[in-house]
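Using the working numbering, the letters of the sequence shown correspond one by one to residues 271 to 378.
First up is the structure itself, then whatever we jot down about it.
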Amino acid sequence: MKSSKGFILPSTLVLLLFFVSWFTNVCLSVQKHLLMDHYLNVVRLRIQAETQLFSKIRDSDEIEFYHYYEGIRLNAVVYDTILIIKASGIMEYYREYDIITDGSFVIR
């Protein structure tokens with residue numbers, strides 16, 4: 271007769287290895303989802319901040335503008351038909367827009 275005492279341990283290890291790899295995959299997927307959600311929120315904040323700044327620029331004849339929105343500080347300067355925006359705070363970036371005659375802005 272064969273003894274099956276040693277058979278339980280390898281099958282248990284295989285099951286444990288399968289569970290650990292599955293759990294690692296789930297954790298990485300959740301982390302990837304949360305990171306993507308964070309990036310989308312940052313983009314949403316940037317768009318909202320720039321939208322408010324654009325309406326401020328349209329309503330004024332000033333050359334320099336400063337705007338603060340939920341952790342983002344925007345500095346904008348208007349040169350003839352060019353708008354330059356420098357953002358700092360939560361995110362840092364530099365953008366240039368062309369100012370069109372109807373008052374809209376097109377990114378360069």
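Glycine included, C-beta positions come from ideal geometry on N, C-alpha and C.
Exercise for the section: Take the Cβ of Y336 as the centre, count every other Cβ of all protein chains shown within 10 Å, and call the residue buried at 16 or more, exposed below. Expected result: One-based indexing of the sequence shown puts residue 336 at position 66. Exposed: under 16 other Cβ atoms inside 10 Å.
Exercise for the section: Would you please verify whether the beta carbon of V290 is less than 8 angstroms from any beta carbon of chain B? Expected result: Protein chain content of the structure displayed is limited to a single chain, and chain B is not contained in it.
Exercise for the section: Using the Cα positions of L305 and F375, report the straight-line distance between them to the nearest angstrom. Expected result: The residue labelled residue 305 in the question sits at position 35 within the sequence shown. The residue labelled residue 375 in the question sits at position 105 within the sequence shown. About 30 angstroms.
Exercise for the section: Measure from the alpha carbon of I317 to the alpha carbon of each residue in T371, G373, A357 and R328, then state which is nearest. Expected result: The count along the sequence shown starts at 1 and reaches residue 317 at position 47. Measuring from the Cα of I317, the nearest candidate turns out to be A357.
Practice task
Would you check if the segment 287 to 307 and the segment 334 to 349 touch, i.e. whether three or more CB-CB distances between them fall below 8 angstroms?
Solution key: no
Handout entry: Beta-carbon gap between I352 and D368 smaller than 8 angstroms
Key = As a working note, residue 352 is residue 82 in the sequence shown. As a working note, residue 368 is residue 98 in the sequence shown. Cβ distance < 8 angstroms, so I352 and D368 count as in contact.
Problem - Range covered by the beta strand (DSSP E) that runs through G359 - result: For the purposes of this step, residue 359 is identified with residue 89 of the sequence shown, where counting begins at 1. Its beta strand (DSSP E) spans residues I352 to G359.
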